[in-house]
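Asks:
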Amino acid sequence: MHDYAIFGHDRAGIGRWLGLIAILLAGGVAQLGSLLSSMTGWEAFTKGSVTVGVVYFGLHWLFNKWIWKVQFFNIPDLNGVWKVDGRTLDEEGNNKYEWPAELDIEQNWKQISINIKTSKSQSESYTATLFKRSGVRGGWVLSYSYKNEPNLDQSHELSSHKGFCEIEFDKALNSAEGTYFNSGGRKTYGLMSLERGQK
């Protein structure tokens, strides 16, 4: 997985809020320990301390793993396997050939990995960005750069190459349309239609 940017989302701001909550929680736990110690006479409550750093680490881990998916934060959860119907186009924009594939997205708050597998090759992302289209029906747009490697039995026909893909998801995140182009080894371009499969 690699880092990715979400336009319009302030990760630094979230980090500051997590820090503030960590300070309050650590202070609250210390006060509760002191209160329980005075009520019970057990000094164990005051000897055990929870540092702000430990609380912050725990909050950050929870946010990165699950909390970012809460709708309030307005970050699309693209995790899962997507069924792809791809079409490579010729110079006039007509279908050159069609190729089915599976696109596998693994995502958390900080990192993402986008992999596409066809019968002949496999590609993996190395940079990515997300932004939301404006308007009532505006969905999310995922743009990423990738490196493609042909299967061993296809290496005599296909060559390794890099490319760029842009996928626009519908608002419900159930389907998407995409475009791609390749360079540096295979100069092709085309279209993709995607449907969400297993999550």
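In our numbering, the protein residues as written are 138 to 336. Ideal placement from N, C-alpha and C gives every residue a C-beta, glycine not left out. Keep in mind it's a predicted model, so treat the numbers as computed, not measured.
Do you know how far the Cα of T177 is from the Cα of L169?
Replies: Their backbone Cα atoms lie some 12 Å apart in a straight line.
Asks: Could you spell out where the alpha helix (DSSP H) holding N201 opens and where it closes?
Replies: First-last of the alpha helix (DSSP H) with N201: 189-202.
Asks: Once you ignore the five residues that flank S260 on each side, which residues in its own chain have a CB closer than 6 Å to its CB?
Replies: So the qualifying residues of the chain are I253, Y283, N285.
Asks: Give a yes or no on whether the C-beta atoms belonging to E305 and K220 are separated by under 8 Å.
Replies: No, they are not a contact pair.
Asks: Please confirm whether any heavy atom of the ligand NAP lies closer than 7 Å to the CB of S256.
Replies: Because no ligand of any kind appears in the structure shown, any question about the ligand NAP cannot be addressed here.
Asks: Pull up the distance between the alpha-carbon of M329 and that of A313, whole angstroms please.
Replies: The alpha-carbon atoms of M329 and A313 are separated by roughly 8 Å.
Asks: In angstroms, rounded to a whole number, what distance separates the CA positions of T188 and S171?
Replies: Each residue's Cα considered, the two are about 15 Å apart.
Asks: Can you give the beta carbon distance from G276 to D307, rounded, assuming they're within the 8 Å contact cut?
Replies: Sure, about 5 Å apart at Cβ, within 8 Å.
Asks: Between which two residues does the beta strand (DSSP E) holding R333 run?
Replies: Here the beta strand (DSSP E) through R333 covers 326-333.
Asks: Quick check for students: name the residue ranges of the beta strand (DSSP E) that lie wholly in the region 247-307, counting only runs of 3 or more.
Replies: Runs found: 248-254, 258-269, 277-287, 298-306.
Asks: Kindly indicate which three-state DSSP category F144 falls into: helix, strand or coil?
Replies: F144 falls in the coil class under three-state DSSP.
Asks: For L162 and F194, I'd like the C-alpha separation in whole angstroms.
Replies: So the alpha carbons of these two residues sit roughly 12 Å apart.
Asks: Whether or not the region 265-273 and the region 151-160 are in contact is what I'm after, with contact meaning three or more pairs of Cβ atoms, one per stretch, closer than 8 Å; do they touch?
Replies: No: fewer than three Cβ pairs fall under 8 Å.
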